[in-house]
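Trainee: Provided herewith is a single structure, encoded as structure tokens, for subsequent inquiry.
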Amino acid sequence: GENVEQHPSTLSVQEGDSAVIKCTYSDSASNYFPWYKQELGKGPQLIIDIRSNVGEKKDQRIAVTLNKTAKHFSLHITETQPEDSAVYFCAASRGNNDMRFGAGTRLTVKP
Amino acid sequence: NAGVTQTPKFQVLKTGQSMTLQCAQDMNHEYMSWYRQDPGMGLRLIHYSVGAGITDQGEVPNGYNVSRSTTEDFPLRLLSAAPSQTSVYFCASGRQGGYGYTFGSGTRLTVV
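The listed protein sequences correspond, in order, to chains U and Y. FYI, in this note's numbering the residues of the first sequence are 1 to 111. FYI, in this note's numbering the residues of the second sequence are 1001 to 1112.
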């Protein structure tokens, strides 16, 4: 099955700085790469996703990039705010089938 | 539109007991999955289903059973609870083709 690795496990930034989280995947047939944000005591929430036929996607302050050749994808958050503090997960799957997650990154944004 | 509903929210079991974690979705999603979340290990896939009557194993299926008799419901059964099954369990559902999952709010299970 798919194996997803995520780095770093913890990330601390100053408010207003950028944050980058990186993931690699093993299955070259994976074609769907979502990112989730999990706040304390809640289930993960989808924040952005990218498909294998696209190299980059943006949504306001967040963006995701995908390098299919190297089998890695990244989440970029610009102008970070304290409410961005949470655990972020990357995932990879074929469509929605058998989705596998990275171990998570705990992001702390210091005011 | 309730999304994904999980019950119960909290449960304490004794070793060897059995129980069923309930999951229901009202979005007519084809895909449903069960994950467990342990500190430092992210979300690990237990079982998943691509439609009514079809289920398959994920990364950590041992000790768990599932069935999918309707599109809406996807219960997870613990056959004989063990302390190693202490975890937070999440149910998720999604549309065919890759549109991301909607997660429930989780069930925190403790096995003593």
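The C-beta atom is built at its ideal place from N, Cα and C for all residues, glycine as well.
(1) Sorted by chain position, which residues of the same chain lie with C-beta nearer than 7 Å to U/Ser12's C-beta, five sequence neighbours on each side aside?
(2) Would you tell me roughly how many angstroms separate the C-alpha atoms of U/Ile62 and U/Lys22, rounded to the nearest one?
(3) Measuring from the CB of U/Gly102, is there a heavy atom of the ligand MN at a distance below 8 Å?
(4) Report the rounded CA-to-CA distance for U/His72 versus Y/Lys1014, giving the unit in angstroms.
(5) Looking at the unbroken beta strand (DSSP E) that takes in U/Arg106, where does it start and where does it end?
(6) Determine the extent of the beta strand (DSSP E) in which Y/Thr1007 is found, giving its start and end residues.
(7) Answer yes or no: does any C-beta atom of chain U fall closer than 9 Å to that of Y/Glu1059?
(8) Examine chain Y for any beta-carbon lying closer than 9 Å to the beta-carbon of U/Gln81, and answer yes or no.
(9) If contact means a Cβ-Cβ distance below 9 Å, which residues of the stretch 89-107 of chain U contact chain Y?
(10) Determine the closest residue to Y/Val1111 out of Y/Ala1081, Y/Arg1095, Y/Ala1024, Y/Gly1040, with distance taken between C-alpha atoms.
(11) For Y/Thr1055, which of Y/Gln1037, Y/Gly1040, Y/Tyr1031, Y/Asn1062 has the nearest alpha-carbon?
(12) Would you identify the three-state DSSP class for Y/Ser1084, choosing helix, strand or coil?
(13) If we call anything under 9 Å between Cβ atoms a contact, is U/His7 one with U/Thr69?
(14) With a CB to CB cut of under 7 Å and the five nearest residues on each side skipped, what residues in its chain are close to Y/Asp1038?
(15) Does the Cβ of Y/Ser1069 have 16 or more other Cβ atoms within 10 Å, making it buried, or fewer, making it exposed?
Mentor: Reading from the atomic positions:
(1) Against the first sequence, residue 12 of chain U aligns to sequence position 12. Closer than 7 Å at Cβ, skipping near neighbours: Thr108, Lys110.
(2) For the purposes of this step, residue 62 of chain U is identified with residue 62 of the first sequence, where counting begins at 1. For the purposes of this step, residue 22 of chain U is identified with residue 22 of the first sequence, where counting begins at 1. Between U/Ile62 and U/Lys22, the C-alpha separation is close to 14 Å.
(3) For the ligand MN, the structure offers nothing, since it holds no ligand at all.
(4) Here residue 72 of chain U refers to the residue found at position 72 of the first sequence. Here residue 1014 of chain Y refers to the residue found at position 14 of the second sequence. Roughly 43 Å between the two C-alpha positions.
(5) Here the question's residue 106 of chain U lines up with position 106 in the first sequence. That run of the beta strand (DSSP E) goes 105-110.
(6) Taking the first residue of the second sequence as 1, we reach residue 1007 of chain Y at position 7. Segment 1004-1007, the beta strand (DSSP E) holding Y/Thr1007.
(7) Translated into positions along the second sequence, residue 1059 of chain Y becomes position 59. Y/Glu1059 counts as touching chain U.
(8) Counting from one through the first sequence, the residue named residue 81 of chain U turns up at place 81. So, not an interface residue.
(9) Phe89, Ala91, Ser93, Arg94, Gly95, Asn96, Asn97, Asp98, Met99, Arg100, Phe101, Gly102, Ala103, Gly104
(10) Start at 1 with the first residue of the second sequence, and residue 1111 of chain Y comes out as number 111. That would be Y/Ala1081, whose Cα lies nearest to the Cα of Y/Val1111.
(11) Here the question's residue 1055 of chain Y lines up with position 55 in the second sequence. Checking every option, the nearest Cα to that of Y/Thr1055 belongs to Y/Tyr1031.
(12) Indexing the second sequence from 1 puts residue 1084 of chain Y at position 84. Correct three-state label for Y/Ser1084: helix.
(13) As a working mapping, residue 7 of chain U is identified with position 7 in the first sequence. As a working mapping, residue 69 of chain U is identified with position 69 in the first sequence. No, these two residues do not count as a Cβ contact at 9 Å.
(14) As a first step, residue 1038 of chain Y is located in the second sequence; it is residue number 38 there, counting from the start. Excluding sequence neighbours, Y/Asp1038 sits near Ser1087.
(15) The sequence position of residue 1069 of chain Y within the second sequence is 69, counting from 1. Flag for Y/Ser1069 reads exposed.
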